[in-house]
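Engineer: Heads up: the sequence lines are chains A and B, in that order. Residues in the first sequence are numbered from 12 upward in steps of one, following this note's numbering. Residues in the second sequence are numbered from 12 upward in steps of one, following this note's numbering. What follows is a structure written as structure tokens; I'll ask about it next.
2 protein chains.
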Amino acid sequence: MGLQKLTGSTRMASVNRQEQIYFAAARLFVDKGYSGTSMSDIARAVGVTKAGLYYFVESKEKLLYTIMSYGMDRLHREVVEPALATDDPLDRLRIIVRNHVKNIGMALDVKGNSITSVVNEMIGLTGEMRTEIDARKRAYLEFVRDTLRALDAQGKLDSSVDIPVATSSILGMIAWMTHWHKPGGRLTLDQLADLITDQALRSILKS
Amino acid sequence: MGLQKLTGSTRMASVNRQEQIYFAAARLFVDKGYSGTSMSDIARAVGVTKAGLYYFVESKEKLLYTIMSYGMDRLHREVVEPALATDDPLDRLRIIVRNHVKNIGMALDVKGNSITSVVNEMIGLTGEMRTEIDARKRAYLEFVRDTLRALDAQGKLDSSVDIPVATSSILGMIAWMTHWHKPGGRLTLDQLADLITDQALRSILKS
DNA sequence: CGATTTTTACCGACCGGTCGTTAGCCTCAA
DNA sequence: TTGAGGCTAACGACCGGTCGGTAAAAATCG
Numbered sequence: 012m013g014l015q016k017l018t019g020s021t022r023m024a025s026v027n028r029q030e031q032i033y034f035a036a037a038r039l040f041v042d043k044g045y046s047g048t049s050m051s052d053i054a055r056a057v058g059v060t061k062a063g064l065y066y067f068v069e070s071k072e073k074l075l076y077t078i079m080s081y082g083m084d085r086l087h088r089e090v091v092e093p094a095l096a097t098d099d100p101l102d103r104l105r106i107i108v109r110n111h112v113k114n115i116g117m118a119l120d121v122k123g124n125s126i127t128s129v130v131n132e133m134i135g136l137t138g139e140m141r142t143e144i145d146a147r148k149r150a151y152l153e154f155v156r157d158t159l160r161a162l163d164a165q166g167k168l169d170s171s172v173d174i175p176v177a178t179s180s181i182l183g184m185i186a187w188m189t190h191w192h193k194p195g196g197r198l199t200l201d202q203l204a205d206l207i208t209d210q211a212l213r214s215i216l217k218s
Numbered sequence: 012m013g014l015q016k017l018t019g020s021t022r023m024a025s026v027n028r029q030e031q032i033y034f035a036a037a038r039l040f041v042d043k044g045y046s047g048t049s050m051s052d053i054a055r056a057v058g059v060t061k062a063g064l065y066y067f068v069e070s071k072e073k074l075l076y077t078i079m080s081y082g083m084d085r086l087h088r089e090v091v092e093p094a095l096a097t098d099d100p101l102d103r104l105r106i107i108v109r110n111h112v113k114n115i116g117m118a119l120d121v122k123g124n125s126i127t128s129v130v131n132e133m134i135g136l137t138g139e140m141r142t143e144i145d146a147r148k149r150a151y152l153e154f155v156r157d158t159l160r161a162l163d164a165q166g167k168l169d170s171s172v173d174i175p176v177a178t179s180s181i182l183g184m185i186a187w188m189t190h191w192h193k194p195g196g197r198l199t200l201d202q203l204a205d206l207i208t209d210q211a212l213r214s215i216l217k218s
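The following block contains the structure:
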């Protein structure tokens, strides 16, 4: 393909490239899976040679790790921190579900941004990186579980609720969104978040 | 690993090998993903050379397709058909959730059997095979959705339930099990199925 | 300011290895 | 003797990753 020669610059700023690579890789990882995506695929998506890619990225695994770390950061900032702002466990759970759904929804909506969804990819990481991401995921699970426990302590949970199972089920409802939610559909993201929040709460609260 | 020598044969009957290959492949696909699993992995798991594998299997994609087809067959036989035995939509939904959970749970529990879980692997299939499996999955989704619709017609659904969203959310609760359920845990599969069924129903029914 | 050096942002070629797949040979039970 | 059930060997394509090189931009210097 022909070279560009506009304003004498064929290159792009490094910061842009970095972001571009992370976004493109995240999108591809979500679409084709981690092992199903080759470094050439990513390079092609950002318009660079594979060799050129390795100027910005240390390894494929490190790339996945960086994306996952960033995703966990966002989850913490946009879900955990706002939830900590209230002491009422019911409000807290509402915020958790609502913001988590919106977080994933945005990740699917916003052009090129699938960062948060990649966190579901568990395979592909090994060693310390694997350990760290696993620990962060477990911490989040524990945070939600504790919220359910607090709700139980207030006697607000239905008697047939098993807290660990209920926690995983609610998170499953949310995580599974990536398999069916299509951006630009019938519902706005806010409406969707409301619906899922209601359903999740109803699934555990006393009638 | 030791050879079996029953009836003086170091070889295995072709039917056994076939099953063995499907089970081993299913397990590996669930654990490491489709693209993350190589034919060598599968061959090693069943104690055959990679080339030897190709006597029984036409291609990697066909192998995945066969496993998925088998999984869909089981889902139909163990979930859809029993559900059709009743006309009451509430009973029907109860059967769907309960049996689907048990189906996936057994797939995780039973040694070497992960068949049903593989159905979640959507990538890896192309062309007609992809189309067919997609259609069968959509038909199942539609079946569950229709059940919710019937429930709605009886006025039993909570007013804030959106049927398509609620259907996907319930199926998400179930499908996500593969990510957290560990066989031989605190609960029996029956107990687990009861818990999830209750929670799923509570999530959509009028209080 | 212009000249020079250093750094940035890449590319083409290539590495050893593994991928899915095939061809052809051997072996043993029926 | 035949054919099911393997085997060894090898294929071309592609994998993640590296190497040496380089044009252009930025920093430094006289």
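All residues carry an ideal CB built from backbone N, CA and C; glycine is no exception.
With DSSP run on the structure shown, which of helix, strand or coil describes residue 216 of chain A?
Structural biologist: Within the first sequence, residue 216 of chain A is the residue found at index 205, counting from 1. Strand at residue 216 of chain A.
Engineer: Hey, would you say residue 53 of chain B sits closer than 8 Å to residue 112 of chain B, going by beta carbons?
Structural biologist: For the purposes of this step, residue 53 of chain B is identified with residue 42 of the second sequence, where counting begins at 1. For the purposes of this step, residue 112 of chain B is identified with residue 101 of the second sequence, where counting begins at 1. Contact: no.
Engineer: Are residue 61 of chain B and residue 51 of chain B closer than 8 Å when you measure CB to CB?
Structural biologist: The count along the second sequence starts at 1 and reaches residue 61 of chain B at position 50. The count along the second sequence starts at 1 and reaches residue 51 of chain B at position 40. Yes, these two residues count as a Cβ contact at 8 Å.
Engineer: In chain A, what lies closer than 8 Å to residue 193 of chain B by C-beta?
Structural biologist: Position 182 of the second sequence holds residue 193 of chain B. Neighbourhood of residue 193 of chain B in chain A, by CB distance below 8 Å: empty, with the nearest CB roughly 11 Å away.
Engineer: Can you give me the C-alpha to C-alpha distance between residue 176 of chain B and residue 159 of chain B, rounded to a whole angstrom?
Structural biologist: Start at 1 with the first residue of the second sequence, and residue 176 of chain B comes out as number 165. Start at 1 with the first residue of the second sequence, and residue 159 of chain B comes out as number 148. So the two alpha carbons sit approximately 11 Å from each other.
Engineer: Is there a Cβ of chain A sitting closer than 8 Å to that of residue 140 of chain B, yes or no?
Structural biologist: Indexing the second sequence from 1 puts residue 140 of chain B at position 129. Output row for residue 140 of chain B: interface = no.
Engineer: Are the CB atoms of residue 211 of chain A and residue 108 of chain A within a distance shorter than 8 Å?
Structural biologist: Here residue 108 of chain A refers to the residue found at position 97 when the first sequence is read from its first residue. Here residue 211 of chain A refers to the residue found at position 200 when the first sequence is read from its first residue. Yes.
Engineer: Are the C-beta of residue 165 of chain B and some C-beta of chain A separated by less than 8 Å?
Structural biologist: Taking the first residue of the second sequence as 1, we reach residue 165 of chain B at position 154. For residue 165 of chain B, the answer is no, since every Cβ of chain A falls outside 8 Å of its Cβ.
Engineer: Does any residue of chain A bring its CB to less than 8 Å from the CB of residue 73 of chain B?
Structural biologist: Start at 1 with the first residue of the second sequence, and residue 73 of chain B comes out as number 62. It does not: the Cβ of residue 73 of chain B has no partner Cβ on chain A nearer than 8 Å.
Engineer: Is the beta carbon of residue 191 of chain A closer than 8 Å to that of residue 187 of chain B?
Structural biologist: Residue numbering aside, residue 187 of chain B sits at position 176 when the second sequence is read from its first letter. Residue numbering aside, residue 191 of chain A sits at position 180 when the first sequence is read from its first letter. No.
Engineer: Just checking: is the beta-carbon of residue 117 of chain A within a distance shorter than 8 Å of some beta-carbon in chain B?
Structural biologist: The residue you call residue 117 of chain A lines up with position 106 of the first sequence. It does not: the Cβ of residue 117 of chain A has no partner Cβ on chain B nearer than 8 Å.
Engineer: With distances taken from CA atoms, which of A:93, A:203, A:55 and A:91 is nearest residue 171 of chain B?
Structural biologist: Residue mapping note: residue 171 of chain B aligns to position 160 of the second sequence, counting from 1. When only C-alpha atoms are compared, the closest one is A:203.
Engineer: Looking at the strands, I want to know which residues DSSP matches up with residue 168 of chain B.
Structural biologist: For the purposes of this step, residue 168 of chain B is identified with residue 157 of the second sequence, where counting begins at 1. According to DSSP, which records beta bridges pairwise, residue 168 of chain B is partnered with B:216.
Engineer: Taking the alpha carbon of residue 149 of chain B as the point to measure from, which residue in B:115, B:87 and B:135 has its own alpha carbon closest?
Structural biologist: By one-based count along the second sequence, residue 149 of chain B stands at place 138. Here the closest residue by C-alpha is B:87.
Engineer: On the three-state DSSP scale, how would you describe residue 41 of chain A?
Structural biologist: For this step, residue 41 of chain A is matched to residue 30 along the first sequence. Three-state result, residue 41 of chain A: helix.
Engineer: Counting only runs that start and end within the stretch 145 to 210 of chain A, where is the alpha helix (DSSP H) found for 4 or more residues in a row?
Structural biologist: Fully enclosed alpha helix (DSSP H) runs of 4 or longer: 174 to 186 and 188 to 191.
Engineer: Where does residue 67 of chain B fall in DSSP's three states?
Structural biologist: As a working note, residue 67 of chain B is residue 56 in the second sequence. If DSSP states are grouped into helix, strand and coil, residue 67 of chain B belongs with coil.
Engineer: Anything in chain B within Cβ reach of residue 179 of chain A, meaning under 9 Å, just list it in chain order.
Structural biologist: What you label residue 179 of chain A is simply residue 168 of the first sequence in a count that begins at 1. Those are 184, 187, 188, 190, 191 and 192, listed as they occur along chain B.
Engineer: If you follow the alpha helix (DSSP H) that residue 95 of chain B is part of, which residue opens it and which one closes it?
Structural biologist: Residue 95 of chain B sits at position 84 when you count from the first residue of the second sequence. 92 to 95 is the extent of the alpha helix (DSSP H) around residue 95 of chain B.
Engineer: List, in order along the chain, the chain B residues whose C-beta lies closer than 7 Å to that of residue 44 of chain A?
Structural biologist: Along the first sequence, read from residue 1 onward, the residue named residue 44 of chain A stands at position 33. Going along chain B in sequence order, the residues near residue 44 of chain A (Cβ under 7 Å) are 44, 46 and 134.
Engineer: Mind checking residue 5 of chain A: buried by the 16 CB within 10 Å criterion, or exposed?
Structural biologist: This structure cannot settle anything about residue 5 of chain A, because the visible part of chain A is limited to 12 through 218.
Engineer: Do you know how far the Cα of residue 218 of chain A is from the Cα of residue 165 of chain A?
Structural biologist: Counted from its first residue, the first sequence places residue 165 of chain A at position 154. Counted from its first residue, the first sequence places residue 218 of chain A at position 207. Straight-line spacing of the CA atoms in residue 165 of chain A and residue 218 of chain A works out to 14 Å.
Engineer: Just tell me which of B:216, B:84 and B:90 has its CA closest to the CA of residue 169 of chain B.
Structural biologist: Residue numbering aside, residue 169 of chain B sits at position 158 when the second sequence is read from its first letter. Of B:216, B:84 and B:90, the residue nearest in Cα terms is B:216.
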